[in-house]
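One structure is given below, encoded as structure tokens.
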Amino acid sequence: MNNLRRIDLNLLVTLHALLMEKHVSRAAQRLHKSQPAVSHSLASLRAIFDDPLLVRRTGKLELTARANELLPLLTEALHQLGALIDLPAFDASQAKRVFRLAMSDYGARVVLPGLVRRLRSDAPGIDLQVSQGSRAAMLAGVHDGEIDMAFGVFQAPLSDELRTHTLFIEHFVCAADKNTLPQTGHLEKTEWLSRPHVLVAMQSGENNEIENALQREGVNRRVAMTLPHWGVASRVVANTDLILTAARRSFDLFQEDSPLQLFVPPYPIDPFAFNMVWHSRRESDAGHNWLRQAIIGTLIQGEDGQQTGG
Numbered sequence: 690m691n692n693l694r695r696i697d698l699n700l701l702v703t704l705h706a707l708l709m710e711k712h713v714s715r716a717a718q719r720l721h722k723s724q725p726a727v728s729h730s731l732a733s734l735r736a737i738f739d740d741p742l743l744v745r746r747t748g749k750l751e752l753t754a755r756a757n758e759l760l761p762l763l764t765e766a767l768h769q770l771g772a773l774i775d776l777p778a779f780d781a782s783q784a785k786r787v788f789r790l791a792m793s794d795y796g797a798r799v800v801l802p803g804l805v806r807r808l809r810s811d812a813p814g815i816d817l818q819v820s821q822g823s824r825a826a827m828l829a830g831v832h833d834g835e836i837d838m839a840f841g842v843f844q845a846p847l848s849d850e851l852r853t854h855t856l857f858i859e860h861f862v863c864a865a866d867k868n869t870l871p872q873t874g875h876l877e878k879t880e881w882l883s884r885p886h887v888l889v890a891m892q893s894g895e896n897n898e899i900e901n902a903l904q905r906e907g908v909n910r911r912v913a914m915t916l917p918h919w920g921v922a923s924r925v926v927a928n929t930d931l932i933l934t935a936a937r938r939s940f941d942l943f944q945e946d947s948p949l950q951l952f953v954p955p956y957p958i959d960p961f962a963f964n965m966v967w968h969s970r971r972e973s974d975a976g977h978n979w980l981r982q983a984i985i986g987t988l989i990q991g992e993d994g995q996q997t998g999g
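Numbered by my numbering, the letters in the sequence shown go through residues 690 to 999 in order.
Written out as structure tokens, the structure reads:
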């Protein structure tokens, strides 16, 4: 009972932010407090619970066993208290906050232009830190709290703690130099297989939707070049006999006077779901919820005015 008298709601909210972020500076940003104030609160909480709560291991803070026990109980308690306390609503126009997003350059091309315009218009105080990594690394970052949201193609099943939303279903198209194509503007199976190809992948030999489709057909293509970035791939193909098979939205800025022609792949390639993933601990974060809805909204608007290219 004595310890209970020493705890107020602000300390509980600070503890919750610290346990979720596992980082004093990020917890301070989330709470709109100074880092020294949050550090002082952490010292008080350690005294109250007689436990360090956060300890440094391999260069970063980790939860102690006691903190792991407290987190789900604290989350539920604050959720119930939220129904009793009139907490201020998230005001995007006044918010000062940094969000950490992870995506490939394909994801950046699809997500960021519309999102940045929305933020500059409606939430100019919100900043973004965008990183890139493998699918596994992005999911690990979300799980560990290093990343707020990850965008990409993620294979189910995901962790029970992760939440996902399908932003759109994507299809594949091929691109080749117009001067190397027949008058029909596309290639039949034999011609397509006889040409050298460009593969966009983080690592050479990485499994991808295209190779999986060809394996089902019992055929192989020659990959003459593997690139880690989508942006340069179409420029590499121009004025060569190379073929690039890629997600259609990677060609959204395709110009009518481009030397390239887009056409449907001669082999059926399954479409894929492009997903947004976040951790369940962010569900009660009003700012996080606002940003997720902003991303969904900008992509829906983009769909309405999407270029077809080719």
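Cβ coordinates follow ideal geometry from the N, Cα and C atoms, glycine included.
Q: Determine the direct distance from the alpha carbon of Glu859 to that of Leu882, and round the result to whole angstroms.
A: Numbered from 1 along the sequence shown, position 193 holds the residue referred to as residue 882. Numbered from 1 along the sequence shown, position 170 holds the residue referred to as residue 859. When rounded, the distance between both Cα atoms is 23 Å.
Q | Residue interval of the beta strand (DSSP E) (run including Gly841) | A | Counted from its first residue, the sequence shown places residue 841 at position 152. From DSSP, the beta strand (DSSP E) with Gly841 extends over Met838 to Gly841.
Q) What did DSSP end up calling Leu693 once you bin it into helix, strand or coil? A) Within the sequence shown, residue 693 is the residue found at index 4, counting from 1. Below a pLDDT of 50, predicted positions are generally treated as unreliable, and Leu693, at 49, falls in that range; the measurement from the model is reported next regardless. Under the three-state reduction of DSSP, Leu693 is assigned to helix.
**Q.** Cut-off 6 Å between Cβ atoms - residues of its own chain near Ile836, not counting five sequence neighbours on either side
**A.** Stepping through the sequence shown from its first residue, residue 836 is reached at position 147. Residues Arg789, Ala791 and Gly830 of the same chain have their beta carbon placed closer than 6 Å to that of Ile836, with the five preceding and five following residues left out of the count.
Q.
Give me, in chain order, the residues of the same chain whose beta-carbon lies closer than 6 Å to that of Ser714; leave out the 5 immediate sequence neighbours on both sides.
A. Here residue 714 refers to the residue found at position 25 when the sequence shown is read from its first residue. Cβ neighbours of Ser714 beyond the five flanking positions: Gln724.
Q: Determine, using beta carbons only, whether Ala935 and Trp919 come nearer to each other than 8 Å.
A: The sequence position of residue 935 within the sequence shown is 246, counting from 1. The sequence position of residue 919 within the sequence shown is 230, counting from 1. In this structure, Trp919 lies closer than 8 Å to Ala935 by Cβ.
**Q.** In chain order, each alpha helix (DSSP H) run of at least 4 residues that lies wholly inside the stretch 865-932
**A.** Within the stretch 865-932, the complete alpha helix (DSSP H) runs of at least 4 residues are 878-883, 898-906 and 922-926.
Q. By the 10 Å Cβ neighbour count, where 16 or more other Cβ atoms means buried, how is Pro871 classified, buried or exposed?
A. Your numbering for residue 871 matches position 182 in the sequence shown. Only exposed fits Pro871, as fewer than 16 other CB atoms lie within 10 angstroms of its CB.
Q. What residues match up with His968 in a beta bridge as DSSP calls it?
A. Locating residue 968 in the sequence shown gives position 279, counting from the first residue. Bridge partners of His968: Leu851.
Q: In angstroms with no decimal places, state the Cα-to-Cα distance between Met914 and Val887.
A: To locate residue 914, count along the sequence shown from 1; it is residue 225. To locate residue 887, count along the sequence shown from 1; it is residue 198. Roughly 5 Å separates the two Cα atoms.
Q. In three-state DSSP terms, what is Val713?
A. Along the sequence shown, read from residue 1 onward, the residue named residue 713 stands at position 24. Helix, per DSSP.
Q) Is DSSP giving Ile958 helix, strand or coil here? A) Stepping through the sequence shown from its first residue, residue 958 is reached at position 269. In the structure shown, Ile958 sits in coil (DSSP, three-state: anything other than H, G, I, E or B).
Q. What whole-angstrom Cβ distance do Phe861 and Arg937 have, given they're in contact under 8 Å?
A. In the sequence shown, counting from the first residue as 1, residue 861 sits at position 172. In the sequence shown, counting from the first residue as 1, residue 937 sits at position 248. Distance from Phe861 to Arg937 at the Cβ level is roughly 7 Å; contact confirmed, criterion being Cβ atoms closer than 8 Å.
Q) By DSSP, does Val800 sit in helix, in strand, or in coil? A) One-based indexing of the sequence shown puts residue 800 at position 111. In the structure shown, the three-state DSSP call for Val800 is helix.
Q) Which first and last residues belong to the alpha helix (DSSP H) in which Ala736 is found? A) Counting from one through the sequence shown, the residue named residue 736 turns up at place 47. DSSP places Ala736 inside the alpha helix (DSSP H), whose first and last residues are Gln724 to Phe738.
Q | Where Gln821 sits in the DSSP three-state scheme | A | Here residue 821 corresponds to residue number 132 of the sequence shown, with the count starting at 1. DSSP places Gln821 in the coil class of the three-state scheme, outside both helix and strand.
Q: Could you say which of Val744, Leu701 and Leu759 lies nearest to Lys711 if we only look at CA atoms?
A: As a first step, residue 711 is located in the sequence shown; it is residue number 22 there, counting from the start. That would be Val744, whose Cα lies nearest to the Cα of Lys711.
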